[in-house]
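Engineer: Mapping of the sequence shown onto our numbering: residues 501 to 653, in sequence order. Ideal placement from N, C-alpha and C gives every residue a C-beta, glycine not left out.
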Amino acid sequence: VQVSGRAGRKGKKGKVLIQTGDPTQVIFDKVIRNDYLEFYEYEITQRREHEYPPYTRMIKLTVKHMDQELAQKAAILLTQELADRLGRDIVLGPEAPYIFRIRNFFLQEIVIKLSREHTVLKQAKIDICAALDVVRDQKEYRQARLVVDVDPM
501 VQVSGRAGRK GKKGKVLIQT GDPTQVIFDK VIRNDYLEFY EYEITQRREH
551 EYPPYTRMIK LTVKHMDQEL AQKAAILLTQ ELADRLGRDI VLGPEAPYIF
601 RIRNFFLQEI VIKLSREHTV LKQAKIDICA ALDVVRDQKE YRQARLVVDV
651 DPM
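(1) Nearest CA to the CA of Lys625: which residue from Asp522, Ile532, Arg547 and Ile559?
(2) Tell me, please, whether the segment 578 to 597 touches the segment 621 to 637 by the rule of three or more beta-carbon pairs shorter than 8 Å.
(3) So does the segment 635 to 649 actually touch the segment 559 to 577, counting three or more Cβ pairs closer than 8 Å?
(4) Which residues in the same chain as Ala574 place their Cβ atom closer than 7 Å to its Cβ, once the five residues preceding and following it in sequence are excluded?
(5) Taking contact to mean at least 3 C-beta pairs separated by less than 8 Å, is the segment 603 to 616 in contact with the segment 546 to 560?
(6) How far does the alpha helix (DSSP H) with Leu632 in it extend, from its first residue to its last?
(7) Less than 8 Å separating the beta-carbons of Leu621 and Arg547?
(8) Please report the distance separating the alpha-carbon of Pro523 from that of Val647.
(9) What distance in whole Å lies between the Cβ atoms of Ile610 and Pro594, which are believed to be in contact at a cut-off of 8 Å?
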């Protein structure tokens with residue numbers, strides 16, 4: 501919706517191209533009609549129902565390793581450790597991102613969806629650190645790098 505506003509500035513007609521695998525999705529009708537309020541209401545309802553921000557906190561963990569197999573194995577171990585501590589229903593992944601290799605590092609992503617309650621977040625931080633320690637203690641994964649992104653875009 502924001503892009504369409506930028507494309508048609510200064511009284512000139514603009515053009516917005518949207519690439520999708522499913523053009524029949526409900527959201528596109530709202531975008532085409534430039535209905536900001538309905539777009540927002542639909543999106544915020546979907547986020548509430550599926551427990552996405554702003555109704556939850558999200559943490560994206562990216563495991564990086566120069567060896568693709570070791571990146572996958574480290575991410576699987578980390579996911580198992582996180583699921584054991586936090587619960588399988590809130591730990592998603594691991595998955596290779598669309599761009600799965602950057603500067604010779606292979607990437608795997610894990611997403612954690614958490615309640616916004618302070619006590620939950622505090623305990624989750626402890627559990628995440630403990631899970632990371634388990635992975636770091638494995639000799640074969642010592643070269644792995646980890647990037648933590650709280651509330652990613």
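Structural biologist: Taking the geometry as given:
(1) Locating residue 625 in the sequence shown gives position 125, where the first residue counts as 1. It is Ile559 whose Cα lies nearest to the Cα of Lys625.
(2) yes
(3) yes
(4) Position 74 of the sequence shown, counting from 1, holds the residue named residue 574. Contacts found: Val563, His565, Val635, Tyr641 and Ala644.
(5) yes
(6) Residue mapping note: residue 632 aligns to position 132 of the sequence shown, counting from 1. Counting along the chain, the alpha helix (DSSP H) containing Leu632 begins and ends at His618 to Arg636.
(7) Your numbering for residue 621 matches position 121 in the sequence shown. Your numbering for residue 547 matches position 47 in the sequence shown. Not in contact: Leu621 and Arg547 (Cβ atoms no closer than 8 Å).
(8) The residue labelled residue 523 in the question sits at position 23 within the sequence shown. The residue labelled residue 647 in the question sits at position 147 within the sequence shown. Cα to Cα, the separation comes out at about 34 Å.
(9) Numbered from 1 along the sequence shown, position 94 holds the residue referred to as residue 594. Numbered from 1 along the sequence shown, position 110 holds the residue referred to as residue 610. With a Cβ gap of about 5 Å, Pro594 and Ile610 count as contacting.
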